[in-house]
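This report concerns only the one structure given below.
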Amino acid sequence: GRRWTEIGSLDIELAGSTVLIRGAAQTIRPVSKKMVFLVVRHYVSTVQCVLVINKECVSPQMVKFATGLSKESIIDIEGVVSIPKDPIKGTTQQVEVQVTKLFCVNRAVPNLPINIEDAARSEMEFEKAEQTGEQLVRVGQDTRLNYRVLDMRTPANQATFRIQCHVENIFRRFLLSEGFVGIHTPKLVPGSSEGGAAVFKLDYKGQPACLAQSPQLYKQMAICGGFGRVFEVGSVFRAEDSYTHRHLCEFVGLDVEMEIKEHYFEVCDIVDRLFVAMFDYLNENCKKELDAINRQYPFEPLKYLRKTLRLTFLEGVKMLKEAGVEVDPFGDLNTEAEKKLGQLVREKYDTDFYILYRYPLAVRPFYTMLCYDDPAYSNSFDVFVRGEEIISGAQRIHLPELLTKRAEACGIDVKTISTYIDSFRYGAPPHGGFGVGLERVVMLFCALNNIRKTSLFPRDPQRLVP
Ligand code: ATP
Ligand code: AMO
Numbered sequence: 079g080r081r082w083t084e085i086g087s088l089d090i091e092l093a094g095s096t097v098l099i100r101g102a103a104q105t106i107r108p109v110s111k112k113m114v115f116l117v118v119r120h121y122v123s124t125v126q127c128v129l130v131i132n133k134e135c136v137s138p139q140m141v142k143f144a145t146g147l148s149k150e151s152i153i154d155i156e157g158v159v160s161i162p163k164d165p166i167k168g169t170t171q172q173v174e175v176q177v178t179k180l181f182c183v184n185r186a187v188p189n190l191p192i193n194i195e196d197a198a199r200s201e202m203e204f205e206k207a208e209q210t211g212e213q214l215v216r217v218g219q220d221t222r223l224n225y226r227v228l229d230m231r232t233p234a235n236q237a238t239f240r241i242q243c244h245v246e247n248i249f250r251r252f253l254l255s256e257g258f259v260g261i262h263t264p265k266l267v268p269g270s271s272e273g274g275a276a277v278f279k280l281d282y283k284g285q286p287a288c289l290a291q292s293p294q295l296y297k298q299m300a301i302c303g304g305f306g307r308v309f310e311v312g313s314v315f316r317a318e319d320s321y322t323h324r325h326l327c328e329f330v331g332l333d334v335e336m337e338i339k340e341h342y343f344e345v346c347d348i349v350d351r352l353f354v355a356m357f358d359y360l361n362e363n364c365k366k367e368l369d370a371i372n373r374q375y376p377f378e379p380l381k382y383l384r385k386t387l388r389l390t391f392l393e394g395v396k397m398l399k400e401a402g403v404e405v406d407p408f409g410d411l412n413t414e415a416e417k418k419l420g421q422l423v424r425e426k427y428d429t430d431f432y433i434l435y436r437y438p439l440a441v442r443p444f445y446t447m448l449c450y451d452d453p454a455y456s457n458s459f460d461v462f463v464r465g466e467e468i469i470s471g472a473q474r475i476h477l478p479e480l481l482t483k484r485a486e487a488c489g490i491d492v493k494t495i496s497t498y499i500d501s502f503r504y505g506a507p508p509h510g511g512f513g514v515g516l517e518r519v520v521m522l523f524c525a526l527n528n529i530r531k532t533s534l535f536p537r538d539p540q541r542l543v544p
């Protein structure tokens, strides 16, 4: 067959040779009846292709045909790679293709609901346009999500989901290298695991059931089952009532559960090493992707320390108090206080990534272990990136009597979780773990302002399609 070349690998070494490429016609710019420029895109790479009438292979009809192509149509081009006189602006590849053959594989409709160039513009371009009086089209979040397949084609979105894939991959790789076993727990479950009413109810062949709010009870049962250290990457369902920039109704949970020997800081140590390794990897190996996101949504690189900063909840409360923010030392931090603390920590410790531990017991789920020295507090932690939560974790109660007592105190009908509680009657080691929201990690690492940007097909209280 013929030799295909990927647009991304078109470089000066190929100058003079004939190549066959396939991509989307991103822009079609006729300069005369004799000549038309096409920018052809594949994945994140773009190349300029030139059609000029000549006796050998390019007829006037061909130029007319190219001029009449609709944007985003998939085309095949055969042509000769050449080095342009002046460097090309606006394409990723620095060579051109002098077209000899052109074939349209599949036409796109002439009036696309989203123009890819419009969708890829940065705020800076809009600001400039305002000054020059140029009219630019702004593509709203809803339009983007309604026509997600078009929106996905922007360089920033291509980069975002590649980064998401790396985050998931590092999570698995790191934990496998630390002796963790990957598991899969059921998503069709009899009841809530985190307390609260935020579950999607359904009918399971006549039995009331719901979609899993987290793998919590099952990952702990796997520890009771003797696995020692487990992780899971899976869908998590939350029937969130409110519409915020950081809550989805379905997200990807990265969950960890492990035996501990002496202290739940053993769990924090895993968080520490896992995330430092992950951030290092992204900074070293995803430069192109981070640049692509930066061009549309400029952000400051994440600041993090080699050894993650750990502060107690009360230290956080004190820092807030000193800054004039009153918070309840036995309550939870609201979103605003969390953001503020993020700023204060950044100023004082020069890091955007830190662990806040020893939360008040009252604001943690029933399965959380109480502090041995003060039962008003718990052996628990949250992890923050730029002042927003990406992880919750804790030591768990492995004593069935205490677990029953705590479940009752939290208003849970213990009959509904009896098999879970019984798991701790058959010999269960002390253990702890944590849960990470994949979309939140990507959102906050890149300082994106909305979790919908990091979910391929986001599910929120108002959106079930596409
Ligand atoms: P999770 O719900 O998984 O624990 P989270 O980031 O929502 O993650 P929470 O501990 O539930 O963390 O909430 C922290 C704070 O965020 C709450 O005190 C509340 O102010 C705010 N918050 C939580 N959920 C919502 C929501 N659905 N809408 C608006 N604000 C919320
Ligand atoms: P939690 O409820 O805090 O803890 O969830 C863990 C992490 O999941 C992410 N997250 C969300 N992401 C998007 N949309 C949502 N609606 C949403 N809710 C939560 C956050 C959060 O930090 N079982 C415990 C974890 C554990 O202790 O192991 C749990 O579910 O990043």
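At position 223 of the sequence shown the residue is numbered 301 (the UniProt record's numbering), and the sequence of numbers has no breaks. By construction, the Cβ of each residue, glycine as well, lies at the ideal position given by its N, Cα and C atoms. On a predicted model such as this, the values are computed, not experimentally measured, just so you know.
Rounded straight-line distance, which links the Cα of residue 484 to that of residue 531: 38 Å
Nearest-angstrom Cα separation, counted from residue 349 out to residue 321: Between residue 321 and residue 349, the alpha-carbon positions lie close to 29 Å from each other.
Rounded separation between residue 376 and residue 528 - CA only: Approximately 14 Å between the Cα atoms of the pair.
Same chain, Cβ closer than 7 Å to residue 317, five either side skipped, listed in chain order: 276, 277, 278 and 327
For residue 377, the three-state DSSP class (helix, strand or coil): It is coil, neither helix nor strand.
Residues of its chain near residue 482, where Cβ-Cβ distance is below 8 Å and the 5 sequence neighbours each way are ignored: 492 and 499
Residue range of the unbroken beta strand (DSSP E) whose run includes residue 333: 328-337
Sequence-distant residues of the same chain with beta carbon closer than 7 Å to residue 429, five excluded per side: 381, 382, 383, 387 and 423
Residue 104 versus residue 514: straight-line alpha-carbon distance, rounded: 37 Å
For residue 232, three-class secondary structure by DSSP: coil
Alpha-carbon spacing of residue 157 relative to residue 176, whole angstroms: Distance between the alpha carbons of residue 157 and residue 176 is about 5 Å.
heavy atom of the ligand AMO below 7 Å from residue 420 C-beta: no
Length at least 3, wholly inside the stretch 93-167: the beta strand (DSSP E) runs in chain order: 96-110, 113-120, 123-130 and 152-160
DSSP state of residue 423 mapped onto helix, strand, coil: helix
Touching by the beta-carbon criterion (3+ pairs, under 8 Å), the stretch 163-175 and the stretch 130-141: No, the stretch 163-175 is not in contact with the stretch 130-141.
Per-residue DSSP class, three states only, for residue 440: helix
Heavy atom of the ligand AMO within 7 Å of residue 501 beta-carbon: For the ligand AMO, not one heavy atom lies less than 7 Å from the Cβ of residue 501.
Secondary structure, alpha helix (DSSP H): runs of 4+ residues fully inside the stretch 199-231: 201-210, 219-224 and 226-229
C-alpha gap between residue 364 and residue 426, whole angstroms: 29 Å
For residue 471, the residue or residues it bridges with in DSSP: 459 and 512
Per-residue DSSP class, three states only, for residue 538: strand
Sub-8 Å separation of residue 198 and residue 150 beta-carbons: no
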